[in-house]
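Undergrad: Residue numbers (my numbering): 257 to 1281.
Where is the CB? At the ideal position from N, CA and C, for every residue including glycine.
Please read through the structure below; I'll follow up with questions.
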RNA sequence: GCAGGUGUGGUGAAAUUGGUAUACACGCUUGGCUUAGGACCAAGUGGAGCAAUCUGUGCGGGUUCGAGUCCCGCCACCUGCACCA
């Protein structure tokens, strides 16, 4: 009987006692460092997601051990930090007391779960012996100028009462307490991670990490190439001519320019559009705003700053309309010396670039939106390339649907075929001038247009998001009907005196185009404009209003209808202009050819960029630059539960790092008053005994920095410490680290992509540059695991669907639980945990257990079984190499099924089988291994030792090969028969056999064989006609 | 909006990389063993059809003797990032 509780407990204890998974780091010859993501000992115990990641590492570690490697699987606790502290606050206990309990609980859980942890090298980040080195890293970075203090606009979390790093804001809220952070200007400590931006980016190229992780890091670093341009800003009220012609206008006189007082740099990715910069915008938080604002605008500006300051980033991003105010100041566009107004607006972020931009409304959507709202000038400087240069994807299309000509049947002679032709010609020309490709399919029947016939033509056309549909009269109704009946997205829909249709409340205007208007059209069309004229027939006006009611969009009622029918010139005066306005791109952000740009005219975007950069550099007005989104890592936390920043402020000597001999700066154990205060300083600020100290340089009285360091620093270097956790002279043992580092395999959730994993890479690079290591990628192989869902849904406490590993460990056993988790699916994808599924894994354990009865040492296995065994060895081994644990388990299950129908199983097969199973179900495998020792008496010493001392089996290629196969016979690529043949059957023979088959004859009978395709050892395909 | 990913039975998912679609498991159906079973054993299980056979990997095209796999065009969902100049 399989008693998982008994055997799992027994082996977990025995492994620790026998040091089965405790390698001798000094003597090890073939090291393999398998690392679990540093767990923080939460009071809720081990989370299934972490447990899964641990399992992925552990299974590989066990496999590697069986392959003869010296495997190191250390464990420790990331016990400092806001997460632990917040929980302690919640339960009103000191973090220390709470952790004593939760760590014990964690240790207990982890050790009973059958993971091969080396408990002799446990580390705890809250141990002064550990954080001494965390602080030491700080001081080293400080020496190198990589740790520095600055005043900056920071994310202040009112929930956690501390500043946070940018990386710790997720979806606009605090990663820990989900509060929206406020923006505050504060002086804090930073790590200069931006100094490594390019290296962090370049390193990704060659790293064997999950693509999604690398991708997330790439995005976060956010490299963009462009130029920085210097603008002179003035708050004086000098009168200078506005908006001179860029090409011919004279420069402002020297004297005028010299009165400008400030120089502000902007970053742009589009230096080629510099001639189109018609205004200048600064972030409301920009430090110079106050100085440049004119007295007249002061009130407005201050009001605006106050208003936006109160908004969180999240609120700002969600704001539908851009807002801003004029500062009264002007900037000089360096390329043409134009005087352009300086605004402040919160769509310009202080945190990116320089916090100021040149606005090019014609070629940037945000600037355009802003310019339109505040009536700022828009100047086009890039033209879309001519049709020849355009590819089909960006080619704009226009579909004109004209109305039904009334011919001579009606006295309404406006709608004669000739007039329509004339009107179409005019419209077509207009559109083509605007770079549209025009379609105008014929209406099949002139007087009673047949929608279905017409639709057939339209469906063939390439109508897409760039397309405009102009529908005139009946054509308008057709357009709306066509859009109602499909899901196409288009750019603009223009209805001109559109045909009649039924109303929403069934008031029938006309049943000619009887259909239901799909309200959803408005979501699929960027702009809807409905034209009708005052002098149209009443029903047409009614119908236009109806369309507007149903579709939304703008309704333009024009004065006269000349433009619709074009019986004679002149065409209605309003319409051409309006049409022109509508057809123009709201702003063109793509590449094209420069116009209105002096020396850039005629150049394509790429060349224009290059030339502009060259020009800026020659004139010392700017230069080509690379900008990164990545910002420096703010590591100060106004909290208690972390390693104190090892800095001393001396009135005489200034800011001093605590020297190595004085480290660690111990965190005082506090029973009371350790709660965060929220006044911008950590609670340690009030602890005089801690704060008051002496200057390490002059010995005079000094004060300590009261803040502690970000928890992510603790975990950014822990893998170093594992190799020599008790070394009190060095951060790590150089010899051992050289041997064991970097880590061979690391698995964890991708939520750490830009946090832990980015910081760790940075610290690794910094330590490398300090000459401490010879590598700068900490983890040779990293795999991001998918999320474990419960029955298809995210697990959460509120839903009550949290899977607790301990519970399942007790119910079905950790062997079964771990196996099930791995079996669920590929490790990078999300998969769904189900209770009945985990039972299946347990049944497998029981089936394995029952096989034991069949072992017969005097038995020799059937060839078939040996073949299956060897095929499985190969497949499982291959799967391990690719970390396809799910299929490895499936293969072992299959082998189990094959074995369970046998009456006898030989000892040799059993031995190999157990080793294959051991990484997944270590306790069961050990148990059966040790009881096999009894069965074999003392013939084999090895069974008395742990199974993990055994050797992973090797497959024998000769035994795997099939000599008989099922040859697949296809007719025209479809399976019609399979026939057993020797594997090396020749094409001729195969063809003969195939054609003799009754099943095949049935198909070939009376048909002509055109071709025969033969794939050796696989199939024969007969092509017939 | 941008980027990345995914789409195959009732469910989780396989598919040797262009060659028998649905391995393995869950669930379900039927039968056996049982006082009983949420245990075990046996058989079955994509859909339609009595059958031969047809059909079937999100949808529509294409390449090919042959497409889940490759190409083009859509659709849906998920995950990041998001006013990034």
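In the DSSP assignment, find the beta strand (DSSP E) that holds residue 405 and state where it starts and stops.
TA: First-last of the beta strand (DSSP E) with residue 405: 403-413.
Undergrad: Starting from the N-terminal side, write out each stretch of the alpha helix (DSSP H) that is 4 residues or longer and does not extend beyond the stretch 1006-1083.
TA: DSSP runs (the alpha helix (DSSP H)) wholly in the stretch 1006-1083: 1012-1025, 1061-1067 and 1070-1079.
Undergrad: So, with DSSP's three-state summary, where would you put residue 1165?
TA: Helix, per DSSP.
Undergrad: Less than 9 Å between the beta carbons of residue 958 and residue 894, yes or no?
TA: No; because the gap between Cβ atoms is not below 9 Å, this pair is not in contact.
Undergrad: Helix, strand or coil for residue 384, going by three-state DSSP, please let me know.
TA: Residue 384 falls in the helix class under three-state DSSP.
Undergrad: Considering only the alpha carbon of each residue, which of 793, 884 and 1099 lies closest to residue 1152?
TA: When only C-alpha atoms are compared, the closest one is 1099.
Undergrad: Using DSSP bridges, identify the partner residues of residue 1236.
TA: For residue 1236, which the question treats as bridged, DSSP gives the partners 1222.
Undergrad: Identify the continuous beta strand (DSSP E) that holds residue 741 and give its terminal residues.
TA: Per DSSP, residue 741 belongs to no beta strand (DSSP E); it is in the alpha helix (DSSP H), 730-741.
Undergrad: Taking all protein chains shown into account, decide if residue 347 is buried (16 or more other Cβ within 10 angstroms of its Cβ) or exposed.
TA: Residue 347 comes out exposed.
Undergrad: Cα-Cα, which of 1267, 751, 487 and 518 is closest to residue 803?
TA: Cα-wise, what sits closest to residue 803 is 751.
Undergrad: Rounded to whole angstroms, what's the CA-CA distance from residue 1125 to residue 1089? Just pull it up for me.
TA: Using only the alpha carbons, I get a separation of about 30 Å.
Undergrad: Contact between the stretch 1178-1191 and the stretch 1097-1113: three or more CB pairs below 8 Å?
TA: Short answer: they touch.
Undergrad: Can you pull the DSSP bridge partners for residue 1277?
TA: Answer is 1226 and 1269, bridged to residue 1277.
Undergrad: Could you pull out every residue in the same chain whose Cβ sits closer than 7 Å to the Cβ of residue 1228, ignoring the five residues on either side in sequence?
TA: The answer, listed in chain order, is 1279 and 1280.
Undergrad: Check whether the Cβ atoms of residue 613 and residue 604 sit closer than 9 Å, and answer yes or no.
TA: Contact flag set, yes.
Undergrad: State the start and end residues of the unbroken beta strand (DSSP E) segment that holds residue 1208.
TA: Here residue 1208 belongs to no beta strand (DSSP E), and DSSP marks it neither H nor E.
Undergrad: So what's residue 912 in DSSP terms, helix, strand or just coil?
TA: DSSP places residue 912 in strand when its eight states are reduced to three.
Undergrad: So, using beta-carbon positions, are residue 924 and residue 899 closer together than 9 Å?
TA: No, Cβ-Cβ distance for residue 924 and residue 899 is not below 9 Å.
Undergrad: Would you kindly work out how many angstroms separate the C-alpha atoms of residue 729 and residue 743, rounded to a whole number?
TA: Answer to the nearest angstrom: the Cα atoms are 23 Å apart.
Undergrad: By DSSP, does residue 936 sit in helix, in strand, or in coil?
TA: Correct three-state label for residue 936: coil.
Undergrad: Are the stretch 403-422 and the stretch 992-1008 touching, with three or more C-beta to C-beta distances below 8 Å?
TA: Not touching, per the Cβ criterion.
Undergrad: Quick check on DSSP: helix, strand or coil for residue 1143?
TA: DSSP places residue 1143 in helix when its eight states are reduced to three.
Undergrad: In terms of residue numbering, what span does the beta strand (DSSP E) encompassing residue 287 cover?
TA: 287-292 is the extent of the beta strand (DSSP E) around residue 287.
Undergrad: My assumption, with CB atoms under 8 Å, is that residue 413 sits in contact with residue 395. Please give the rounded CB distance.
TA: Rounded, the Cβ-Cβ distance is 27 Å, inconsistent with contact.
Undergrad: Using a threshold of 9 Å, state whether the C-beta atoms of residue 999 and residue 290 are closer than that.
TA: Yes. Within cutoff.
Undergrad: Roughly how far, in whole angstroms, is the beta-carbon of residue 424 from the beta-carbon of residue 430, given that I think they are within contact range, below 8 Å?
TA: 7 Å between Cβ atoms; contact.
Undergrad: Measure how close the beta-carbons of residue 1225 and residue 1253 come, nearest whole angstrom, since I'm counting them as under 8 Å.
TA: That belief holds up - the Cβ atoms of residue 1225 and residue 1253 are roughly 7 Å apart, short of 8 Å.
Undergrad: Return the Cβ separation of residue 1175 and residue 327 in integer angstroms, given the expectation that the two are a contact with Cβ distance under 8 Å.
TA: Not really, about 11 Å apart at Cβ, beyond 8 Å.
Undergrad: Express the C-alpha separation of residue 1076 and residue 917 in angstroms, rounding to a whole number.
TA: Looking at the two C-alpha atoms, the distance is approximately 51 Å.
Undergrad: Taking DSSP's pairing of strands, which residues face residue 317 in a bridge?
TA: Answer by DSSP bridge pairing: none, since residue 317 is not bridged.
Undergrad: Would the beta-carbon of residue 486 fall within 9 Å of that of residue 877?
TA: A contact, by the Cβ cut-off of 9 Å.
Undergrad: Taking 8 Å as the cut-off, is the C-beta of residue 945 nearer than that to any heavy atom in the ligand PLP?
TA: No copy of the ligand PLP appears in this structure; indeed no ligand is present at all.
Undergrad: Under 9 Å between the Cβ atoms of residue 1028 and residue 281?
TA: Going by C-beta atoms, residue 1028 is not nearer than 9 Å to residue 281.
Undergrad: Check for me: the beta strand (DSSP E) holding residue 444 runs from which residue to which?
TA: 438-447 is the span of the beta strand (DSSP E), which, as asked, contains residue 444.
Undergrad: In whole angstroms, what separates the C-alpha of residue 456 from that of residue 311?
TA: The alpha-carbon atoms of residue 456 and residue 311 are separated by roughly 29 Å.
Undergrad: Quick one: grab the DSSP three-state call for residue 251.
TA: Here the chain has residues from 257 to 1281 only, and residue 251 is not among them.
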